[in-house]
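Engineer: In my numbering, the protein residues as written are 66 to 283. Starting off with a structure, shown below.
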């Protein structure tokens, strides 16, 4: 199955300051999933972008557009084709090619009071992203974010930090997944509610990934 991701560009706002805690692709009409309009960004002052995925619902047929997080989209696609399945996740060795891109990792909710998400649900989102073929695209920044994964109140966001109004294209979704995985592994803590995590990781290519609890239609 092939996938492409696009984020609908909008106006740009001045990005908020970075956290200062501890450093640790129009074949058919879009089908709206449960993603809400006017979704609040994870960082005040940033602009949230709608995400549209092109998916081959039936093998050999025209791709269809769906809007929402990957979990919303897969659920809608499987209603149309009950035999639809994701490709196996990309092997870890592919992800390791991009480790040098990552820089500062910040654990905790910071000044935005992000809440802790369950690590096992974050892992589910990571596996979804690793199962998707295509090249992620994010409109020009600064201060643009898209919620790429959200389920069981655990979300993964991808944000553009460039200040020269340049778009971002990545080689694979595994790059986003790897960032989320690092947060999940390094920032996790054991509590009475089980293992939880929250944090943000930056890259030298000026984009970042956020993992946090999300109660906005998630």
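Even for Gly, the Cβ is constructed at its ideal location relative to N, Cα and C. None of these values were measured; they are calculated from a predicted model.
Give me the residue from 215, 173, 217 and 131 with the minimum Cα distance to residue 250.
Structural biologist: Residue 250 has its Cα closest to that of 173, out of 215, 173, 217 and 131.
Engineer: Between which two residues does the beta strand (DSSP E) harbouring residue 266 extend?
Structural biologist: Unbroken beta strand (DSSP E) run through residue 266: 264-268.
Engineer: Using CA atoms only, rank isn't needed, just tell me which of 210, 257, 185 and 247 is closest to residue 113.
Structural biologist: For residue 113, the nearest C-alpha among the options comes from 210.
Engineer: In terms of residue numbering, what span does the alpha helix (DSSP H) encompassing residue 151 cover?
Structural biologist: Element bounds for residue 151: n/a, residue is neither H nor E.
Engineer: So, helix, strand or coil for residue 113, using DSSP?
Structural biologist: If DSSP states are grouped into helix, strand and coil, residue 113 belongs with the strands.
Engineer: Assuming residue 223 and residue 272 are in contact, meaning their beta carbons sit under 8 Å apart, how far apart are those beta carbons, in whole angstroms?
Structural biologist: Their Cβ separation, rounded to whole angstroms, is 7 Å, which keeps residue 223 and residue 272 in contact under 8 Å.
Engineer: List the DSSP bridge partners of residue 259.
Structural biologist: 256, per the DSSP bridge assignment.
Engineer: Report the rounded CA-to-CA distance for residue 177 versus residue 126, giving the unit in angstroms.
Structural biologist: Roughly 44 Å separates the two Cα atoms.
Engineer: Quick check: the region 139-151 against the region 226-238, are at least 3 beta-carbon pairs closer than 8 Å?
Structural biologist: Contact between the region 226-238 and the region 139-151 is absent, because fewer than three Cβ pairs lie under 8 Å.
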